[in-house]
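Okay, so here's the structure we're looking at.
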């Protein structure tokens, strides 16, 4: 057994345990943190597959940005744990049906003798030492898949603008500060220096 | 696999030795950075700074460390114990892990990977977890408010920093930190600070904000929310947060030196007389000198500027820095397309 396999099984075990914890733990903060662990372990497994670009992007985007916002929301909500447990029996039949369906789908794919049978995909030859996944991804994105890449960019831009447009409301009567005006303010606008003679003391 | 199991084990041992060769000096640097901070700010404010322990107070950092380590670790009664103890580790680990791709010289780098810049970004975005978890697990309002403030600040300034890095990678044409430095060859005016001047300034300022240092230290604003996210930590837990903060400051300084100031390259390179002497050769000394200069800026800022108000910080990040960086990324693209800046020599 090589060291690669030890690392692979280690991270796989952590990934499985974390994934199970996401759906089983009671505390939603723990669930979100387990999801972080699951993403991180899968990034490590991708790293073993020599796709370092995708692995780092997974950590950067999902762990570093998306789940931070998740965690924000979960922590800010005052979640009462008791009602969360109540619906368990009620939703159990629907959950079991969905789980069974997914299991059947997965097994049919795995057991099909045609496309996905064992041996249909031989082990790919190892990449040469100077192979760089980052360069390869960049070259494919900006040559063969340029259109799809740009369309994805436009879709994201539309999503950003939509998010801003949906949440930007000018309520009448709300008072807000203008930091630019505050920064620009000069001394003369706030302080008036007055020259005056000293007044005689009262009562003398 | 042609290599045997023993080869792999040996490789791991050498790797651990390399990691220690970076981490031990880093921890020492953190210790003396705190000393330098107190001395420099002391001089700027016409005080003496620490001067009692050892000659010139040079043993002060060790006295501080032993004091913190020997203190009792207090865990608040209503805190979430597991997360409370995990949080300092989560903030320290990314601060150390990012050093794996930092090239100290042309040959001195642990992992010379092509996605180096992305790796740095990923690691620095992980640092925010230690902070949020510390604030939440403490089960204290001050700590939670501090955690929310500083994580919102870090997430905001990461965007401006990311755009600044995009400008660098457009000009360098690579994500590999070693090749980014090599793309800046040719003397002080060939470094990226000149064509990317606005991005350089924004990167330095965002770096200060990203590490929650003065004047952006509202996260720990003593007068408002006691000490921010680590208010409930005592002894070793606090020491680890402290270590992480200073390691991050050194990391940001080192990155500024690498990305905008030519890393280990000599400023005299290519000059007629000086360029031919040993001063014209690039070596690790230049890199350390530049890093120390940017580290000094952190201290200088802290002694100079009053603390920003929170809404001003958010305005500066989102409404000033992000638009400027977007415009300058386009300018960088134009520079790159028309070949106005030579990539290396």
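Protein chains in written order, with the working numbering: chain F, 1 to 204; chain R, 1 to 345. For each residue, glycine too, the CB sits at the ideal point set by N, CA and C.
Can you name the residues of chain R whose CB is closer than 8 Å to the CB of residue i?
i	result
residue 129(F)	Chain R residues near residue 129(F): none, gap ~12 Å exceeds 8 Å.
residue 146(F)	Near residue 146(F) there are no residues of chain R at all, since even the closest Cβ is about 16 Å away, more than 8 Å.
Less than 9 Å between the C-beta atoms of residue i and residue j, yes or no?
i	j	result
residue 270(R)	residue 187(R)	yes
residue 154(R)	residue 207(R)	no
residue 262(R)	residue 312(R)	no
residue 291(R)	residue 253(R)	yes
residue 96(F)	residue 32(F)	no
residue 146(R)	residue 244(R)	no
residue 158(F)	residue 53(F)	no
residue 258(R)	residue 287(R)	yes
residue 333(R)	residue 72(R)	no
residue 41(F)	residue 65(F)	no
residue 88(R)	residue 228(R)	no
residue 38(F)	residue 22(F)	yes
residue 175(R)	residue 134(F)	yes
residue 232(R)	residue 84(R)	yes
residue 197(R)	residue 168(R)	no
residue 255(R)	residue 30(R)	no
residue 180(R)	residue 265(R)	no
residue 54(R)	residue 94(R)	no
residue 205(R)	residue 322(R)	no
residue 110(R)	residue 99(R)	yes
Residues of chain F with a CB under 7 Å from the CB of residue i: which are they?
i	result
residue 106(R)	Near residue 106(R) there are no residues of chain F at all, since even the closest Cβ is about 18 Å away, more than 7 Å.
residue 136(R)	29 and 75
residue 155(R)	68
Where residue i and residue j are concerned, what is the direct C-alpha to C-alpha distance, given to the nearest angstrom?
i	j	result
residue 35(R)	residue 299(R)	11 Å
residue 304(R)	residue 55(F)	41 Å
residue 48(F)	residue 33(R)	37 Å
residue 44(R)	residue 278(R)	35 Å
residue 12(F)	residue 2(F)	16 Å
residue 345(R)	residue 182(R)	Any reading at residue 345(R) needs caution, since the residue's pLDDT is 48, under 50, leaving its predicted position unreliable; the model's value is listed next. Rounded to whole angstroms, residue 345(R) to residue 182(R) spans 9 Å at the Cα level.
residue 150(R)	residue 5(F)	40 Å
residue 203(R)	residue 314(R)	16 Å
residue 214(R)	residue 193(R)	24 Å
residue 136(R)	residue 144(R)	6 Å
residue 164(R)	residue 249(R)	18 Å
residue 182(F)	residue 189(F)	11 Å
residue 341(R)	residue 172(R)	10 Å
residue 34(F)	residue 28(F)	10 Å
residue 1(R)	residue 45(F)	The predicted position of residue 1(R) is uncertain, since its pLDDT is 46 and thus under 50; no value can be drawn from it.
residue 16(R)	residue 63(F)	26 Å
residue 30(F)	residue 132(R)	13 Å
residue 14(R)	residue 59(F)	27 Å
residue 9(F)	residue 104(R)	34 Å
residue 92(F)	residue 102(F)	15 Å
residue 177(R)	residue 176(F)	44 Å
residue 327(R)	residue 241(R)	36 Å
residue 97(R)	residue 141(F)	29 Å
residue 65(R)	residue 239(R)	7 Å
residue 99(F)	residue 110(F)	17 Å
residue 194(F)	residue 48(R)	41 Å
residue 50(R)	residue 60(R)	7 Å
Can you name the residues of chain R whose CB is closer than 7 Å to the CB of residue i?
i	result
residue 160(F)	Within 7 Å Cβ-Cβ: nothing; residue 160(F) doesn't reach chain R, min ~12 Å.
residue 149(F)	Within 7 Å Cβ-Cβ: nothing; residue 149(F) doesn't reach chain R, min ~16 Å.
residue 134(F)	114, 115 and 175
residue 64(F)	122, 125 and 126
residue 52(F)	113 and 115
residue 179(F)	311, 312 and 315
residue 60(F)	118, 121, 122 and 125
residue 56(F)	115, 118, 119 and 122
Run the proximity test for residue i: is its beta-carbon closer than 8 Å to any non-hydrogen atom belonging to the ligand GTP?
i	result
residue 76(R)	Looking for the ligand GTP in the displayed structure turns up nothing, as the structure carries no ligands at all.
Check the Cβ of residue i against every Cβ in chain F and list those closer than 9 Å, keeping chain order.
i	result
residue 326(R)	Simply none; closest approach about 12 Å.
residue 132(R)	68, 71, 72 and 75
Starting from the beta carbon of residue i, find every residue of chain F whose beta carbon is closer than 8 Å, and list them in chain order.
i	result
residue 151(R)	68 and 72
Minimum length 4: unbroken alpha helix (DSSP H) runs contained in the stretch 158 to 216 of chain R: Fully contained in the stretch 158 to 216 of chain R are the following alpha helix (DSSP H) runs of length 4 or more, in chain order: 177 to 182 and 197 to 210.
task: Select from the stretch 66 to 77 of chain F all residues with a C-beta closer than 7 Å to any C-beta belonging to chain R, and list them in chain order.
output: Within the stretch 66 to 77 of chain F, the qualifying residues are 68, 71 and 75.
task: Return the residues of the stretch 85 to 117 of chain R that lie within a Cβ-Cβ distance of less than 7 Å from chain F, sorted by chain order.
output: Answer set for the stretch 85 to 117 of chain R: 113, 114 and 115.
message: Please give the ranges of any alpha helix (DSSP H) in the stretch 34 to 92 of chain R, keeping only runs that are unbroken, at least 4 residues long and fully inside the region.
response: Listed in chain order, the complete alpha helix (DSSP H) runs (minimum 4 residues) inside the stretch 34 to 92 of chain R are 60 to 70.
field: Complete alpha helix (DSSP H) runs within the stretch 251 to 316 of chain R (minimum length 4 residues, chain order)
entry: With a minimum length of 4 residues, the continuous alpha helix (DSSP H) runs that stay inside the stretch 251 to 316 of chain R are 284 to 304 and 310 to 315.
field: Segments of 4+ residues assigned as alpha helix (DSSP H) that fall wholly inside the stretch 25 to 112 of chain F
entry: 28 to 48, 52 to 58, 67 to 76, 81 to 86 and 88 to 111, all fully within the stretch 25 to 112 of chain F.
query: What residues in the stretch 1 to 12 of chain F have a beta carbon less than 9 Å from any beta carbon of chain R?
result: Cβ contacts with chain R come from 1, 2, 3 and 4.
- prompt: the stretch 12 to 33 of chain F: which residues have C-beta closer than 7 Å to a C-beta of chain R, in chain order?
  reply: Here the close residues are 29.
task: Note down, in chain order, all residues in the stretch 6 to 26 of chain R with a beta-carbon under 9 Å from any beta-carbon belonging to chain F.
output: From the stretch 6 to 26 of chain R, only 8, 9, 11 and 12 have a Cβ closer than 9 Å to chain F.
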